Every structure is written in structure tokens, then in C-alpha cells.
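Chemist:
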Amino acid sequence: MTISDKAEAALRQSLPVFINSFNQLTYLRDTVNWFSDHGFRNVSVLDNASRYGPLLAYFETEDFNNCATLVALGQNIGPRGSLIQAQASIPPNAPFIFTDPDLVLPTPPDPLFLTRMFGWGRRFGKIKVGLALDVSDGEEFKDVRLSAVFNNRTIREWERKFWRHAVEENIYQAAVDTTFFLHVPPDDPTTKTLEDYGKRQARVPALRIATPGFIAKHRPWYVNDGQSDDERSFYVNQVSTLATWNNDAKNAISS
Numbered sequence: 037m038t039i040s041d042k043a044e045a046a047l048r049q050s051l052p053v054f055i056n057s058f059n060q061l062t063y064l065r066d067t068v069n070w071f072s073d074h075g076f077r078n079v080s081v082l083d084n085a086s087r088y089g090p091l092l093a094y095f096e097t098e099d100f101n102n103c104a105t106l107v108a109l110g111q112n113i114g115p116r117g118s119l120i121q122a123q124a125s126i127p128p129n130a131p132f133i134f135t136d137p138d139l140v141l142p143t144p145p146d147p148l149f150l151t152r153m154f155g156w157g158r159r160f161g162k163i164k165v166g167l168a169l170d171v172s173d174g175e176e177f178k179d180v181r182l183s184a185v186f187n188n189r190t191i192r193e194w195e196r197k198f199w200r201h202a203v204e205e206n207i208y209q210a211a212v213d214t215t216f217f218l219h220v221p222p223d224d225p226t227t228k229t230l231e232d233y234g235k236r237q238a239r240v241p242a243l244r245i246a247t248p249g250f251i252a253k254h255r256p257w258y259v260n261d262g263q264s265d266d267e268r269s270f271y272v273n274q275v276s277t278l279a280t281w282n283n284d285a286k287n288a289i290s291s
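Each residue of the sequence shown is one higher than the one before, starting from 37 at the first, in this note's numbering.
#1: Looking at Asp66 and the ligand NAP, is the gap between the Cβ and the nearest heavy atom below 8 Å?
#2: Tell me, to the nearest whole angstrom, how far the beta carbon of Ala242 is from that of Ala210; I am working on the premise that it is less than 8 Å.
#3: Just tell me which of Asp73, Ala252, Ser80 has its CA closest to the CA of Ser172.
#4: With DSSP run on the structure shown, which of helix, strand or coil describes Asp136?
#5: Tell me whether Ala184 sits in a helix, a strand or coil according to DSSP, three-state version.
#6: Shortest alpha-carbon distance to Asn101 belongs to which of Gly89, Leu109, Ser80?
#7: Are Asp41 and Pro147 closer than 9 Å when you measure CB to CB?
#8: What does the alpha-carbon distance come out to for the pair Val165 and Val220?
#9: So the beta strand (DSSP E) Leu106 belongs to, where does it begin and stop?
#10: Under the three-state reduction of DSSP, which class applies to Gln49: helix, strand or coil?
#11: Please report the Cβ distance between Asp99 and Pro115, rounded to the nearest whole angstrom; I am assuming they are in contact, meaning their Cβ atoms lie under 8 Å.
#12: Measuring alpha carbon to alpha carbon, tell me which of Asn56, Pro142, Pro128 ends up nearest His74.
#13: Would you kindly work out how many angstroms separate the C-alpha atoms of Tyr271 and Thr67, rounded to a whole number?
#14: So, using beta-carbon positions, are Phe154 and Pro131 closer together than 9 Å?
#15: Apply the 10 Å Cβ neighbour rule to Leu150 and answer buried if 16 or more other Cβ atoms are within range, or exposed otherwise.
#16: Just how far apart, CA to CA, sit Cys103 and Asn69?
#17: Beta carbon of Gln121, beta carbon of Val107: below 9 Å?
#18: Does Arg255 pass the burial test, meaning 16 or more other C-beta atoms within 10 Å, or should it be called exposed?
#19: Ends of the beta strand (DSSP E) at Leu218?
#20: With H, G and I counted as helix, E and B as strand and the rest as coil, what does DSSP make of Lys42?
#21: Can you check DSSP and say which residues form a bridge with His254?
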């Protein structure tokens, strides 16, 4: 093992990882397993008062507790509220990963996954470094359009804007919300950053990485999303405010 390999392994073992959770067993279990399989050892699941029985049972299993720590939030504060809670639990402006659970994460990830993400963030002065979302297989997406606030675009049409502003090959300047990102503190501790992401996601300087080993798939876009009908129906009926295209998806399911 080289020095760089050892440094990467140490980063994966120590870096705090926070996964937002709400009533989605399949997605969450796969995400927890991905982190465990790739050497991440400081993983917390922030659960937003889930009520899905199979998910609650999973939290009691040895498989889960060997890979992650459950943080029961006691109420549904949403992914951005969970992000605020995550930040509050670690030293100010410390590095961390935050992610929603509904991704197919890159398998395998780049061997220097974290090392390179930190490097890109520092090189381009961005404190938020995320993964690009694959839109190359749009023919496999569900036939839904984003709500009127997004001009009734298809998923693929909406996502194209995140692939426009390249700062170098396969590295794009683009907003990242609560989809998988690494918070990269600036080297100069006096540099002002947005300590509290909160509702100001689009204002946070960010990159999306689209090189092999850093591209994810957003599972709810796909017809074959991996969930059972029961799990999917339970989730959409529990969500009080559905963002983006999920409003249309919920209407399609309930109609």
C-alpha cells in the first residue's frame, strides 16, 4: 500500500458521514452498505421520525449497527434540517460528507475518492464537492415531468444545466443540494464560508465531479428503482411536501 493509499484509507475511516433517512429501507440499506464496503467507519444515519416497519426493524439489526450509528431526530425536519443537525454535531467548519440515501453510488469509487475530492475543492475554491448524476440512460427514466415551477421539463432536460459550466474536463461548476457532497473547509481558517447551509444551498460554491469513479445514479428517476410497490407507496403517502418531480410521481401513483 502506497502512502497515498494509506492516507485515503485513514480519511475514509475518520471522516464523518451523515445519511438523511425517511421511510426508505432499500435505498438506505444499500447506501449504508456502500460506505461500509468502501472503508468508511464514521457513519451516522439521521432518521426523520420514520414509520415504515421494515426500516425500523432494520435499525435494530446487527448488520446496521455494525456499519452505522442511528441518530433519531424525533420529527421530520427534512434533508436540509438534517444537514443543519449534522453540522451542529461536529466542530465548526470541519469536513464531512452528507448525502440523501437514494443514489446508486459509484462502484467501485475512485481509489483516491476523498483525496481527489478534497484536491478539487481546494484547487477551485469550492467548499462543496459533489457527484455528477448520470443522465446518459434517460430512456430508463420514469415518464414524468417536473412541476410547473420547473417549466414542465423532463428530468433529463432539467439536469442538463448541471453539465454546462466545465472548469476542466469532467469537472463542472454547478449547485449541489443534499445529494452526496463533501464539505471542504478552506485552508485559511479566517475565510468566511456559509457555516449553516440551511435553505441557501444554491449559494454555496460547489462542483460536480463527472469523471469515472465519481458518477452516481438517482434511483427514483428510474422505472426500475429497486423498491417494492409497498415500500414506494408507503413513502410517497407519508411525505407531506414532495420536491421537484416527486409531486408528479405521487399523483401518477395515486391516480
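C-beta atoms are modelled at their ideal positions from N, C-alpha and C, and glycine is treated no differently. Since the structure is predicted, the reported quantities are computational estimates derived from the model, not experimental observations.
Modeler: This is what the structure gives:
#1: This structure simply doesn't include the ligand NAP, nor any ligand for that matter.
#2: Your numbering for residue 242 matches position 206 in the sequence shown. Your numbering for residue 210 matches position 174 in the sequence shown. Going by Cβ atoms, the distance from Ala242 to Ala210 rounds to 6 Å, so yes, they are a contact pair.
#3: The sequence position of residue 172 within the sequence shown is 136, counting from 1. Here the closest residue by C-alpha is Ala252.
#4: As a first step, residue 136 is located in the sequence shown; it is residue number 100 there, counting from the start. Coil, per DSSP.
#5: Residue mapping note: residue 184 aligns to position 148 of the sequence shown, counting from 1. Residue placement at Ala184 cannot be trusted, given a pLDDT of 48 that sits under 50; the coordinates are not used to answer.
#6: Indexing the sequence shown from 1 puts residue 101 at position 65. Selected option, being the one with the closest Cα: Ser80.
#7: For this step, residue 41 is matched to residue 5 along the sequence shown. For this step, residue 147 is matched to residue 111 along the sequence shown. Yes.
#8: Looking up residue 165 in the sequence shown gives position 129. Looking up residue 220 in the sequence shown gives position 184. Spanning the two alpha carbons is a distance of roughly 7 Å.
#9: The residue you call residue 106 lines up with position 70 of the sequence shown. Its beta strand (DSSP E) spans residues 105-108.
#10: Stepping through the sequence shown from its first residue, residue 49 is reached at position 13. Of the three classes helix, strand and coil, the one that applies to Gln49 here is helix, per DSSP.
#11: For the purposes of this step, residue 99 is taken as residue 63 along the sequence shown, with counting starting at 1. For the purposes of this step, residue 115 is taken as residue 79 along the sequence shown, with counting starting at 1. About 24 Å separates the two Cβ atoms, so there is no contact after all.
#12: Within the sequence shown, residue 74 is the residue found at index 38, counting from 1. Looking at the Cα atoms, Pro142 is the closest of the given residues.
#13: Translated into positions along the sequence shown, residue 271 becomes position 235. Translated into positions along the sequence shown, residue 67 becomes position 31. The straight-line gap from Cα to Cα measures roughly 17 Å.
#14: On the sequence shown, position 118 is the one that residue 154 refers to. On the sequence shown, position 95 is the one that residue 131 refers to. It is a contact, given that the beta carbons lie within the stated cut-off.
#15: On the sequence shown, residue 150 is found 114 positions in, with the first residue counted as 1. Leu150 is buried by the Cβ-count criterion.
#16: As a working mapping, residue 103 is identified with position 67 in the sequence shown. As a working mapping, residue 69 is identified with position 33 in the sequence shown. Taking the straight line from one Cα to the other gives about 7 Å.
#17: On the sequence shown, position 85 is the one that residue 121 refers to. On the sequence shown, position 71 is the one that residue 107 refers to. Yes, Cβ-Cβ distance for Gln121 and Val107 is below 9 Å.
#18: Position 219 of the sequence shown holds residue 255. It is buried - the Cβ of Arg255 has at least 16 other Cβ atoms within 10 Å.
#19: Indexing the sequence shown from 1 puts residue 218 at position 182. Leu218 -> beta strand (DSSP E) spans 217-219.
#20: For the purposes of this step, residue 42 is taken as the residue at position 6 of the sequence shown. Lys42 falls in the helix class under three-state DSSP.
#21: As a first step, residue 254 must be located in the sequence shown, where it is residue number 218. Note: His254 sits in a beta bridge opposite Leu139.
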